[in-house]
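Here the sequence shown is numbered in the numbering used here, starting from 222 and rising by one per residue. Every residue, glycine too, gets a C-beta built ideally from N, C-alpha and C. See below for the structure under consideration.
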Amino acid sequence: MKIKLVFILFLSFGVSIYGQIEKPISTLKIDDESTLKTDNKYSLSTGLSKPVNNFTLNKETKLKDPSIPFNRMHKPFDMNEDIGLLKPGQKLTPKWFKKDNEIKEEFKSDQYLGDFKSTSEFVQLIYRDHQSVDGDIVRIFVNDDVVRSSVALDGTFRGFPINLIKGFNKIDIQALNQGASGPNTAQFQLYDDLGNLITSNEWNLTTGVKATLIVVKE
């Protein structure tokens with residue numbers, strides 16, 4: 222009797238377990254239109270927005286050349302305008318086309334520049350073109366001997382020593398040409414062997430004319 226009772230209880234327990242295993246498991250269904258709610262305070266973007274463009278270019282817009290000042294835009298060209306290269310009204314005639322300076326009659330004949338006494342062993346003759354440096358060339362003689370056959374004058378004093386003989390020492394300067402702007406012009410100075418100035422003068426000569434000075438050694 223007891224054996225039957227135990228068998229019946231065991232059978233009932235087995236049926237109960239099998240029923241629990243076969244019971245279908247319920248699933249969570251998410252509707253397509255459902256939305257998830259989260260505690261996240263940041264929201265996701267729903268798409269890219271079109272950028273805002275405030276720049277407009279209409280038919281009236283004109284681009285300016287940045288290299289041209291504003292006040293020179295559309296300004297007519299003027300050759301006399303001062304742009305830093307020439308002055309308004311400045312004459313552009315080249316120097317070699319300009320009219321020569323007035324040549325006086327006294328420049329067309331030999332000139333005597335004076336005679337001077339000295340006890341020096343030598344004198345120093347220096348010279349320069351004191352006006353426009355325009356290509357003046359001279360020849361220099363001492364006692365009728367050529368000591369400088371061709372000297373081009375510039376704006377700086379240049380020269381050479383002249384040894385003196387006892388008595389008269391004649392110095393001649395002959396113009397070999399006339400510069401681009403007038404007669405052959407120069408300033409000269411003569412010093413003794415101690416550096417003392419003997420004379421200072423100028424010559425204005427036409428081509429072929431001479432200027433003469435004499436130093437008398439005592």
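When DSSP states are grouped into helix, strand and coil, residue 329 belongs to the helix group. The straight-line gap separating the alpha-carbon atoms of residue 390 and residue 365 is approximately 10 angstroms.
Contact between the stretch 343–363 and the stretch 377–397 is present, with at least three C-beta pairs closer than 8 angstroms. For residue 355, the CB contacts under 6 angstroms within the same chain, skipping 5 residues up- and downstream, are 400, 401, 402 in chain order. For residue 411, the enclosing beta strand (DSSP E) begins and ends at 405–412. Residue pairing by DSSP places residue 337 opposite 436 in a beta bridge. Across the set 431, 330, 332, 344, the C-alpha of 344 shows the shortest separation from the C-alpha of residue 382. Counted as a single uninterrupted DSSP element, the beta strand (DSSP E) harbouring residue 395 occupies residues 388–396. As a beta-bridge residue in DSSP terms, residue 380 pairs with 347. Non-local beta-carbon contacts of residue 329 in its own chain, meaning distances under 6 angstroms to residues more than five positions away in sequence, involve 427 in chain order. When secondary structure is reduced to three states using DSSP, residue 363 falls in the strand class.
Contact check between the stretch 369–382 and the stretch 425–439: fewer than three CB pairs, one atom from each, fall below 8 angstroms, which does not count as touching. Close CB contacts of residue 419 within its chain, under the 7 angstroms cut and outside five residues either way in sequence, are with 337, 339, 344, 411, 412, 413 (chain order). Counting the other CB atoms within 10 Å of its CB gives residue 331 a total below 16, which places it among the exposed residues. Annotation for residue 423: 408 place their beta carbon closer than 6 angstroms to its own, counting only its chain and skipping 5 residues before and after.
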